[in-house]
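S.K.:
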Amino acid sequence: MSKSINYLLRRLGFYAIAAWAALTLNFFIPRMMPGDPAAIIFARFRGKLKPEAMNALRETFGLTDEPLLGQYFTYLKNLLTGDLGISIAYFPQPVTDIISTALLWTIFLAGISLIISFSIGTLLGTLAAWKRGSKLDSILPPALALFGAFPYFWLAMVALFIFGFGLGWFPLRHAYGEHVTPGLNFPFIIDAIYHAILPASTMILVSLGGWMLSMRNTMITTLGADYITFAHAKGLPSRMIMLKFAARNAILPNFTGFGMAIGFVLSGALLTEIIFSYPGQGYLLLEAVRAQDFPLMQGLFMTITLAVLGANWLVDIAILFLDPRTRR
Amino acid sequence: MSTRLNDSILIRWLRGILTNKKALAGSFLVLSFIFIAFVGPFFTYDPNAFLDTPLSPPTFTHWFGTTGQGQDVLAQTISGARQTLLIGFCTGFFVVVIGALIGGISGYYGGRVDDVLSMVINVFLVMPGLPLMVILASWLPPGPLTLMGVLVLTGWAWNARVIRSQMMALRGRDFVSAAIVSGERNIRIIVIEIMPRMLSLLASSFIGASIYAIGAQVGLEFLGLGDVSTVTWGTNLYWASNDLALLTGSWWTFVPTGLSIAFVSFGLTMINFGIDEVTNPRLISERNWRKLLPKGKMNDGITPVVINHD
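This is the structure in structure tokens:
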């Protein structure tokens, strides 16, 4: 028991360091750039911003006359109190307000697609490794590799073009229609799922091949283990050997890979959101880039990083249940 | 002695790849794109010129139609390949060099050095790439160098991790101990003795990193963070979406570019599958094993697995 707590705390310590590294990068990137960051911003926004917006910007970046270390501590203090500054594009809304609702949509869409694609991919990988050389094993990996070669957002464009514009089966934009009121009511939930089907399917299609291939490869290694031969010799039913002996053990490395891949898949998810005008983090990221809204961009980087770290910690907890070695 | 060994490895390796169907098909696909990228632009229209009615569908004069700015889509797709592939492969190269350096040092020295370096590697691995790239790219002046720098910074960690674990495995071998005892310098052992034995890993890392670089670069440019005045695959898609390709139904402005990206990445993936089949001892012995088995369907139970006793 104490070992599992130890393990979770150690992981938490690592994520704390990672979060601190991200915070610090976020602070130093604008300051490391050639030239004065304040001057860069002001030059870009000359005549476009009201004086009060300019002041808000100055404050957000702590671009005061304080020494660098003082600015750094002010920045950390602001972050700890949840103050990410004020957005330029949505002036005078604070960045935290803009991001919070968008974060829920991203977690909903990207989370569901990640879980579905990981589950299906792992299952397909198990079957492919079990029956190597079968049709499933020889056709599916290259086919999925072809899908995996497309940029997420491009496949999203094509899906939207065919199923949205061409056939009209799915809505073209946003996360829910105008005729429903957001909240925990049945029509809203159904509508939100209906809007999520097309973007989620494109993400699943692109990422499926990776999960399948990595599960197949670890599973093949597991199948070579002596306990599998022994299970066969004992005459256990083959479905049982496949799922409870081989797949159960092979899933662990795959799961660790799952944690590592969350950030990568999320990046693709952000671009997919843009295509579908889905009101999540990705859509905000595009807005922020278009308007050169630096506070919003940095706020997005911070929240997305924290979300990924949090998801990784959940994966660690799951591994605790899957892998007895971390508990003993 | 070591050069002769490398030669023979290299030759065996090249022969294996040349007889591997997947690697051959992949190489053909990728090389033809590289060829078109370098030769093609001499034969097409000027990709930046206003030539015809904007957004006109494919015709005999413009095989792939025209963009929202009245440019020839075919010319844009071919010219776009140049910079996209160049940046992709250069980034792939630097990613592998940095990954080999940091992962190699980390795995070779172990101990404190490894603790610190693998911490750095893991932090970079867990940080989501796209938002970080966006911040970096938005502060730097847009251009190919910015793109490459940003892609290398966010992409090196994965390779470093893979190379680190391979280095740790090789570090314990006898030939390394022999080299240490004979008084060779560490850096020489890493570069001359160990790295050549990772050739296939380095090659597949290079290919993997190039796939990553092409995809990420296109994504960044699609967001408008590249230099939107140049013609690349990413900016092609950026302009397609800016000119409302979807709303106007002009599929020809984004389909050729997207398919090109996918074909190149797919070709590179196939080369990597091939390299794996040729150099992975388990897959080699499995292939030999399969030749011994009767043709046709395997029994319904289990497909035999070859165990390597190293």
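Line by line, the protein sequences are chains P and F. Just add 4 to the spot in the first sequence (first one is 1) and you have this note's numbering. Just add 28 to the spot in the second sequence (first one is 1) and you have this note's numbering. Where a beta carbon is used, it is the ideal one built from N, C-alpha and C, also for glycine.
1. By the three-class DSSP mapping on this structure, what secondary structure does THR307 (chain P) have?
2. Please say whether GLY263 (chain P) and VAL319 (chain P) have beta carbons closer to each other than 7 angstroms?
3. Spell out whether any CB of chain P is found under 7 angstroms from the CB atom of MET29 (chain F).
4. Please list, in chain order, all residues of the same chain as SER233 (chain F) whose beta carbon is under 6 angstroms from its beta carbon, the five residues on each side excluded.
5. Considering only C-alpha positions, which residue in the set P:ILE116, P:SER123, P:TRP317, P:SER142 is nearest to TYR19 (chain P)?
6. Looking at the secondary structure, which residues open and close the alpha helix (DSSP H) in which ILE235 (chain F) lies?
7. Please give me, in chain order, every unbroken run of the alpha helix (DSSP H) with length at least 4 that falls completely inside the region 215-264 of chain P.
8. Is there a Cβ of chain F sitting closer than 7 angstroms to that of PHE262 (chain P), yes or no?
9. Given 8 angstroms as the limit, is there contact between the region 290-306 of chain F and the region 37-52 of chain F, that is, 3 or more CB pairs closer than that?
10. Is PRO169 (chain F) helix, strand or coil by DSSP?
11. Closer than 9 angstroms by beta-carbon distance: list the chain C residues that pair up with SER166 (chain F), in chain order.
12. Skipping 5 residues on each side, what residues in its chain have a beta carbon closer than 6 angstroms to that of ASP327 (chain P)?
13. Work out the CA separation of LEU145 (chain F) and MET423 (chain F) for me, nearest whole Å.
14. For chain P, is any of its Cβ atoms less than 7 angstroms away from the one on ALA293 (chain F)?
15. Starting from GLU305 (chain F), trace the alpha helix (DSSP H) both ways and give me its first and last residue.
16. Could you give the distance in angstroms between the alpha-carbon of MET29 (chain F) and the alpha-carbon of ILE235 (chain F)?
17. TRP261 (chain F): beta carbon under 6 angstroms from a heavy atom of the ligand NAP?
18. At a CB distance below 7 angstroms, what residues from the region 248-260 of chain F approach chain P? Give them in sequence order.
19. Here's a check: name, in chain order, each residue in its chain whose Cβ is nearer than 7 angstroms to the Cβ of GLY333 (chain P), leaving out the five neighbours to either side.
20. Leaving out the 5 sequence neighbours to the left and right, which residues in its chain are closer than 6 angstroms to LEU270 (chain P) when beta-carbon positions are compared?
21. Who are the near neighbours of GLY329 (chain F) in its chain, counting only those whose CB is closer than 6 angstroms to its CB and skipping five residues on each side?
22. Does the distance from the CB of ILE92 (chain P) to the CB of ASP297 (chain P) come in under 7 angstroms?
23. Can you grab the Cα-Cα spacing for the pair GLY284 (chain P) / PRO186 (chain P), in whole Å?
24. What are the partner residues of PRO98 (chain P), as DSSP defines its beta bridges?
25. State the DSSP-derived secondary structure class of THR94 (chain F), mapped to helix, strand or coil.
26. Does LEU153 (chain F) have its Cβ less than 7 angstroms from a Cβ in chain P?
27. Grab me the residues of PRO175 (chain P)'s own chain with a C-beta within less than 6 angstroms of its C-beta, minus the 5 sequence neighbours each way, in chain order.
28. Using the three-state DSSP reduction, which class does ASP100 (chain F) fall into: helix, strand or coil?
29. Counting along the chain, where does the alpha helix (DSSP H) carrying PRO175 (chain P) start and finish?
30. Anything in chain F within Cβ reach of LEU270 (chain P), meaning under 8 angstroms, just list it in chain order.
31. Who are the neighbours of LEU289 (chain P) on chain F, taking C-beta pairs under 9 angstroms?
32. Using 8 angstroms as the Cβ pair cut-off and three pairs as the minimum, do the region 97-108 of chain P and the region 242-261 of chain P touch?
33. Looking at the structure shown, is SER257 (chain F) part of a helix, part of a strand, or coil, going by DSSP?
34. Determine, using beta carbons only, whether MET219 (chain P) comes closer than 7 angstroms to chain F.
35. Take the Cβ of ASN270 (chain F) as the centre, count every other Cβ of all protein chains shown within 10 Å, and call the residue buried at 16 or more, exposed below.
36. Could you give the DSSP three-state label for GLU212 (chain F): helix, strand or coil?
M.R.: By the coordinates alone:
1. Assigned with DSSP and collapsed to three states, THR307 (chain P) falls in helix.
2. Going by C-beta atoms, VAL319 (chain P) is nearer than 7 angstroms to GLY263 (chain P).
3. A caution first: MET29 (chain F) carries a pLDDT of 42, below 50, which makes its placement in the model unreliable, though a value can still be read off. Interface with chain P (7 angstroms Cβ-Cβ cutoff): MET29 (chain F) is excluded.
4. Only VAL124, ASN187 meet the Cβ criterion.
5. Each of P:ILE116, P:SER123, P:TRP317, P:SER142 was checked against the Cα of TYR19 (chain P), and the nearest Cα belongs to P:TRP317.
6. 227-250 is the span of the alpha helix (DSSP H), which, as asked, contains ILE235 (chain F).
7. Fully enclosed alpha helix (DSSP H) runs of 4 or longer: 230-237.
8. Not an interface residue.
9. The region 37-52 of chain F and the region 290-306 of chain F touch, with three or more beta-carbon pairs separated by less than 8 angstroms.
10. Residue state, collapsed to three classes: coil.
11. Chain labels in this structure do not include chain C; the protein chains are P and F.
12. Scanning its chain for C-beta atoms nearer than 6 angstroms, with the 5 sequence neighbours on each side dropped, one finds around ASP327 (chain P) the residues LEU256, in chain order.
13. Outside the shown range of chain F (29 to 338) lies residue 423 (chain F), about which nothing can therefore be said.
14. For the sequence presented, residue 293 (chain F) should be read as Ser rather than Ala. Yes - at least one Cβ of chain P is within 7 angstroms of the one on SER293 (chain F).
15. Where GLU305 (chain F) is concerned, the enclosing alpha helix (DSSP H) stretches over 283-307.
16. Any reading at MET29 (chain F) must be qualified, since the residue scores a pLDDT of 42, below 50, and its modelled position is unreliable; the value itself is stated next. One C-alpha to the other measures close to 29 angstroms.
17. Judged by which ligands are present, the structure shown has none, so any question about the ligand NAP falls away.
18. Cβ contacts with chain P come from PHE250, LEU251, GLY252, LEU253.
19. Examination of residue 333 (chain P) is not possible in this model, given that chain P is present from 5 through 332 alone.
20. Close CB contacts of LEU270 (chain P) within its chain, under the 6 angstroms cut and outside five residues either way in sequence, are with ALA114 (chain order).
21. Summary for GLY329 (chain F): the model assigns pLDDT 48, below 50, so the residue's position carries little reliability, and this model does not support an answer.
22. Against a cut-off of 7 angstroms, the Cβ pair of ASP297 (chain P) and ILE92 (chain P) comes out as a contact.
23. Rounded to whole angstroms, GLY284 (chain P) to PRO186 (chain P) spans 15 angstroms at the Cα level.
24. In the DSSP secondary-structure assignment, PRO98 (chain P) is bridged to P:ILE90.
25. Strand, per DSSP.
26. With its beta carbon less than 7 angstroms from one in chain P, LEU153 (chain F) belongs to the interface.
27. The answer, listed in chain order, is HIS199.
28. Of the three classes helix, strand and coil, the one that applies to ASP100 (chain F) here is strand, per DSSP.
29. Here PRO175 (chain P) belongs to no alpha helix (DSSP H), and DSSP marks it neither H nor E.
30. PRO156, LEU158, listed in chain order.
31. Listed along chain F are LEU158, PRO159, VAL162, LEU251, each with a C-beta nearer than 9 angstroms to that of LEU289 (chain P).
32. By the Cβ rule, the region 97-108 of chain P does not count as touching the region 242-261 of chain P, because fewer than three pairs are nearer than 8 angstroms.
33. In the three-state reduction of the DSSP assignment, SER257 (chain F) falls in the coil class, being assigned neither a helical nor a strand state.
34. Closer than 7 angstroms: no.
35. Classification for ASN270 (chain F): exposed.
36. DSSP places GLU212 (chain F) in coil when its eight states are reduced to three.
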